[in-house]
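Using my numbering, the letters of the sequence shown map in sequence onto residues 455 to 813.
Following: one structure in structure tokens, then a few remarks.
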Amino acid sequence: MDENKNKIITNVRLFIKNITIEPMLFLYHIGYYALINVGENFRLDRYCRVSLDREDDCDHLGDGTDEDLEVAVQKLENQFLVYESYISVVFTVLLLMFIASWSDKHGRLVPMVLALGGWILYSFVYLLTVLFPLWSAWVLLLAAFLRSLGGWHWVILLVGYAYITDITTEANRTPRMNFLMAAKGFGMAAGTALGPIIQDLWGYAAVYSVSIILFTICLIWSYFILPHHPYKPEDPSKMKSTSERIISIPRKIKENLFDLINASVRRREGYSRVLLNYFVFLMLLYINSLPQKAFLWTRIVLHWDIHTYSTYSVTDLLMNNVVILLINPLIKYLDFHDCITGSFFQLTVFCKTLAFGLL
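Quick look at the structure:
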């Protein structure tokens, strides 16, 4: 009995000792989801008060009493999301083509700091817009531009997954990735819950201030606390000058673009190529539709306010994470292939989306 107890204690200590990037990603997702969910509500309110000049009616926005006003602000929000996606995707894709291979050689610190810096600037622009009530919501496209210079949300995820890959072996990588996903998911739930609460108590400015503080803590964690593995410097005789490195960036982006196209179209065994591209296409449709439109859809169809939607989102996220944590030991015990595990979770996503469509 004592031997088993000591073994459990040893495993727990080893597990805690190996925790590295998970707390940072947990805090990051709190700040991210707090400002994203509240930000959508803030933009709708700003459209009503500034763009449509309907300040007297804005307090009833979303309660179903004035559907024409709700439709009008949602049209403006959809236009904003289109322009925001254009601004965000172009610079982010270009950065990802360069920074991914660069970080493999030079470490994960620089892209991590770059992305977090972009989020700090993003939150700061939103904070300024709150402090100047006559500013139009379209000013917030500047926030999207500054965020995209750091790689948006995708560089954080890229670096997080790559960091775990760097410090794990093939045997323990899947459980560690699942733990990372759980930390991320609980952060998403906490941020979704805290955002509306902070807004009710202290206003929009407090939400963006808290996000700035959390992103700054993540930045400090990444730079001073998170262990980064040193990379081997290049042979001095083969090193290029700074100007040569800068000039070579467009060429590397071009090479990475052709590599990406080649990976998509090259021959694969059986129907792997068709299925892979079909899967990527469906995931792009899902990522760019349901998460962005769910809140708007529930407002106009179910007349949910931000608190009701927040309660639903938190419940959904917590259930997802509990399932991940409970099923992880079972997957490890049954030795399921990663593709089977991924297919199972995608099936749950399909069922969730189908339930939305049938309402």
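Just so you know, even glycine gets a beta-carbon here, dropped at the ideal spot from N, CA and C.
Inter-residue distance for TYR580 and PRO629 is about 37 angstroms (C-alpha atoms, whole angstroms). For TRP606, the enclosing alpha helix (DSSP H) has its first and last residue at 606–621.
Under the three-state reduction of DSSP, PHE586 is assigned to coil, being neither helix nor strand.
Annotation for PRO477: the continuous alpha helix (DSSP H) segment containing it runs 476–500. Cβ-Cβ distances below 7 angstroms link PRO650 to VAL492, ILE760, HIS761 and SER764 in the same chain, with the five nearest sequence neighbours on each side left out; the list follows chain order. Judged by DSSP secondary structure, HIS514 falls outside any alpha helix (DSSP H); it is assigned neither H nor E. In the three-state DSSP reduction, LEU563 falls in the helix class (H, G or I).
When the beta-carbon positions are compared, GLY604 and GLY571 come within less than 8 angstroms of each other.
In the DSSP assignment, PHE790 falls outside any alpha helix (DSSP H), carrying neither H nor E. Residue environment: PRO565 is assigned as buried (16 or more neighbouring CB atoms within 10 Å of its CB, all protein chains considered). Non-local C-beta neighbours of ARG562 in its own chain, meaning closer than 8 angstroms and more than five positions away in sequence, comprise VAL613, ALA616, TYR617, ASP620 and HIS682, ordered along the chain.
Residues of the same chain with a CB within less than 8 angstroms of the CB of LEU634, apart from the 5 flanking positions on each side, are ILE475, GLU476, LEU479, GLY614, TYR615 and ILE618 in chain order.
The Cβ atoms of LEU780 and GLN528 lie no closer than 8 angstroms to each other.
Contact between GLU538 and LEU575 fails: their C-beta atoms lie close to 15 angstroms from each other, not under 8 angstroms. Of ILE610, ALA636, THR622 and ILE794, the smallest CA-CA separation from CYS672 is found for ILE610. A distance below 7 angstroms between beta-carbons, with the five flanking residues on each side excluded, links TYR658 to the following residues of its chain, in chain order: VAL492, PHE496 and VAL584. Burial check for ASN532: the Cβ neighbour count within 10 Å stays below 16, so the residue is exposed. Counting along the chain, TYR658 sits inside the alpha helix (DSSP H) bounded by residues 658–674.
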